[in-house]
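A.B. asks: In my numbering, the protein residues as written are 1 to 316.
Where is the CB? At the ideal position from N, CA and C, for every residue including glycine.
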Amino acid sequence: MMTTDSLKKEIIRLKHEKHAVILGHYYQIDDIQELSDYIGDSLALAQEAQRTEAPIIVFCGVHFMAETAKILNPERKVLLPDVAASCSLAESCTGEDLRRFKQQHPGHYVVSYVNCSAAVKAESDLICTSGNAEQLINALPKDQKIIFAPDKNLGSYINYKTGRNMVLWDGVCTVHDQLEAEGILKLKQENPDALVVAHPECNAAVLAVSDFIGSTKAMLGYIEKSPCKRFIVSTESGILYEMRKNNPEKEFIAVSGKDTCSCLDCSYMKMNTLEKLYRCLRDETPEIEMDRDMIEKAKLPIVRMLDMSKQLGIIK
Ligand code: 13P
Ligand code: SF4
């Protein structure tokens with residue numbers, strides 16, 4: 001068995017030899033974040049996937065993210081260390097489900113959260129991420145009827161923020177949705193000087209007791225600017241690596257999962273290991289493969305999202 005150090009050395013060597021780029025999400029294990037050429041939230045990673053000229057993209061995240069990278073860059077080889085790294089939101093709604101839902105709600109514009117399969121994207125008019133959802137929805141005509149899929153928590157938060165009445169698909173992120181307001185309130189009582197930051201995939205009760213709500217990247221920005229020294233972090237534990245790295249003088253209190261005292265981990269995100277990353281680079285598999293027609297259909301709403309995000313000044 002290879003040691004952690006030798007795995008890291010081999011990954012770096014193979015990456016250079018093959019001119020590959022490693023894109024990593026903030027929820028990856030610390031060692032993978034350390035080796036990534038680019039770390040970001042879903043929006044930043046989609047943009048980086050569109051920009052890169054590397055012939056091989058190793059996507060350290062979950063399947064829908066690697067699929068998005070392939071859709072935006074079909075000429076490149078896109079690898080995912082564990083092809084079974086799924087997402088409860090992506091699994092909650094199939095392309096067929098969304099097609100039926102659309103038939104039940106004629107005349108609605110379909111906005112889908114990026115945490116969905118290519119088949120769902122292909123049925124959508126516009127994709128959003130937690131980093132741009134509010135601004136994109138605000139940019140749509142006020143009287144536009146909208147379906148929002150698949151995250152009902154993000155959807156109801158955006159309804160609240162924008163005053164819309166979007167029809168919501170009944171899906172949740174099982175990682176964030178398990179958090180309960182009582183647990184957060186208890187932590188607040190024990191740490192009265194700490195501010196609560198939360199991801200909008202949390203349920204409404206948790207969001208109601210949070211001081212700041214935003215995507216992983218937005219939370220990082222908020223913490224860096226805040227004069228506060230202590231934070232209760234209501235999101236997946238992987239983010240703590242970047243929070244601690246960027247703010248060594250600040251303290252972070254991780255929330256724990258339901259009925260456990262362990263950290264809030266996304267089991268899908270944590271399926272990627274150093275060993276799998278090494279084998280994936282060495283053997284150039286598992287590779288994301290999609291048919292042309294699906295790529296073309298799913299690409300339209302993603303490119304629309306990126307173009308609108310640039311026009312609105314959310315990304316450069
Ligand atoms: P971000 O868009 O904030 O990166 O979130 C992705 C995700 O899967 C959150 O659970
Ligand atoms: Fe999906 Fe939730 Fe995991 Fe994000 S944290 S990948 S939304 S299951």
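How far does the alpha helix (DSSP H) with Glu-182 in it extend, from its first residue to its last?
C.D. replies: Here the alpha helix (DSSP H) through Glu-182 covers 181–190.
A.B. asks: Does Asp-265 have its Cβ less than 8 Å from a Cβ in chain D?
C.D. replies: In the structure shown, chain D does not exist; there is a single protein chain.
A.B. asks: By DSSP, does Lys-250 sit in helix, in strand, or in coil?
C.D. replies: Looking at Lys-250 - three-state DSSP - the assignment turns out to be coil, as it is neither helix nor strand.
A.B. asks: Which runs of the beta strand (DSSP E) at least 3 residues long sit entirely within the stretch 8–60? Give them in chain order.
C.D. replies: Counting only runs of 3 or more, we get 20–25, 38–40, 56–60.
A.B. asks: Nearer than 7 Å: is that true of the beta carbon of Thr-174 relative to any heavy atom of the ligand 13P?
C.D. replies: Checking the Cβ of Thr-174 against the ligand 13P gives no.
A.B. asks: Quick check on the burial criterion: 16 or more other C-beta atoms within 10 angstroms. Buried or exposed for Gln-103?
C.D. replies: Classification for Gln-103: exposed.
A.B. asks: So is the beta-carbon of Asp-82 under 7 Å away from any non-hydrogen atom of the ligand 13P?
C.D. replies: No.
A.B. asks: In chain order, what residues of the same chain lie with their CB nearer than 7 Å to the CB of Cys-263, ignoring the 5 residues before and after it?
C.D. replies: Closer than 7 Å at the Cβ level, and outside the excluded window around Cys-263, lie Ser-237, Ala-254, Ser-256.
A.B. asks: What do you reckon, are the CB atoms on Thr-68 and Ala-46 nearer than 8 Å?
C.D. replies: Yes, these two residues count as a Cβ contact at 8 Å.
A.B. asks: Are Ser-210 and Ala-218 closer than 8 Å when you measure CB to CB?
C.D. replies: No; because the gap between Cβ atoms is not below 8 Å, this pair is not in contact.
A.B. asks: Between the alpha carbons of Met-243 and Gly-107, how many angstroms are there, rounded?
C.D. replies: Roughly 43 Å separates the two Cα atoms.
A.B. asks: Indicate, with yes or no, if the ligand SF4 has a heavy atom lying under 7 Å from the CB of Cys-266.
C.D. replies: It does: the Cβ of Cys-266 is within 7 Å (strictly closer) of some heavy atom of the ligand SF4.
A.B. asks: Going by alpha carbons, who is nearest to Gln-178 out of Ala-20, Ile-146, Glu-224, Leu-207?
C.D. replies: Residue Leu-207 is the option with its Cα nearest to Gln-178.
A.B. asks: From Thr-273, Val-167, Asn-115, Leu-23, pick the residue whose C-alpha is nearest to that of Gly-131; which is it?
C.D. replies: Gly-131 has its Cα closest to that of Asn-115, out of Thr-273, Val-167, Asn-115, Leu-23.
A.B. asks: Roughly how many angstroms lie between the CA atoms of Pro-286 and Leu-277, to the nearest whole one?
C.D. replies: Approximately 10 Å, taken between the alpha carbons.
A.B. asks: If I'm right that Ile-137 touches Thr-162 with Cβ under 8 Å, what's the distance once you round it to whole angstroms?
C.D. replies: Sure, about 5 Å apart at Cβ, within 8 Å.
A.B. asks: Is Glu-67 a contact residue of the ligand SF4, with contact defined as CB to any heavy atom under 7 Å?
C.D. replies: Glu-67 Cβ: outside cutoff for every heavy atom of the ligand SF4.
A.B. asks: Can you look up Ala-149 in the DSSP assignment and give me helix, strand or coil?
C.D. replies: Residue state, collapsed to three classes: strand.
A.B. asks: On the CB-based measure, 16 or more other CB atoms within 10 Å of its CB, does Asp-272 come out buried or exposed?
C.D. replies: The residue you asked about is not Asp; residue 272 is Asn in the sequence shown. So Asn-272 ends up on the buried side.
A.B. asks: Who does Gly-257 pair with in a DSSP beta bridge?
C.D. replies: Partner(s): none; Gly-257 has no beta bridge.
A.B. asks: Suppose contacts are defined by Cβ-Cβ distances below 8 Å. Is Cys-87 in contact with Tyr-268 by that definition?
C.D. replies: Yes, the Cβ-Cβ distance between Cys-87 and Tyr-268 is below 8 Å.
A.B. asks: Let me know the secondary structure DSSP gives Cys-202 once reduced to three states.
C.D. replies: The answer is coil: DSSP assigns Cys-202 none of H, G, I, E or B.
A.B. asks: Taking 8 Å as the threshold (C-beta atoms), are Ile-288 and Leu-80 in contact?
C.D. replies: In contact: Leu-80 and Ile-288 (Cβ atoms closer than 8 Å).
A.B. asks: So is the beta-carbon of Leu-23 under 7 Å away from any non-hydrogen atom of the ligand SF4?
C.D. replies: Not so, every heavy atom of the ligand SF4 lies at least 7 Å from the Cβ.
A.B. asks: Secondary structure at Ile-239, three-state DSSP: helix, strand or coil?
C.D. replies: Residue state, collapsed to three classes: helix.
A.B. asks: I'd like the span of the alpha helix (DSSP H) that includes Tyr-278, first residue to last.
C.D. replies: That run of the alpha helix (DSSP H) goes 274–283.
A.B. asks: Mind checking Asp-323: buried by the 16 CB within 10 Å criterion, or exposed?
C.D. replies: With the chain running from 1 to 316 in the structure shown, residue 323 is simply not present.
A.B. asks: To test your reading of the DSSP string, which unbroken alpha helix (DSSP H) runs of 4 or more residues are found completely within the stretch 115–150?
C.D. replies: If we require 4 residues or more, the alpha helix (DSSP H) runs fully inside the stretch 115–150 come out as 118–122, 133–139.
A.B. asks: Helix, strand or coil for Ser-112? Go by DSSP, reduced to three states.
C.D. replies: Ser-112 falls in the strand class under three-state DSSP.
A.B. asks: By DSSP, does Gly-313 sit in helix, in strand, or in coil?
C.D. replies: Coil, per DSSP.
A.B. asks: Please work out which residues of its chain come closer than 7 Å, Cβ to Cβ, to Gly-155, disregarding the five sequence neighbours upstream and downstream, and give them in chain order.
C.D. replies: Within the same chain, Gly-155 has close Cβ partners Phe-148, Met-166, Leu-168.
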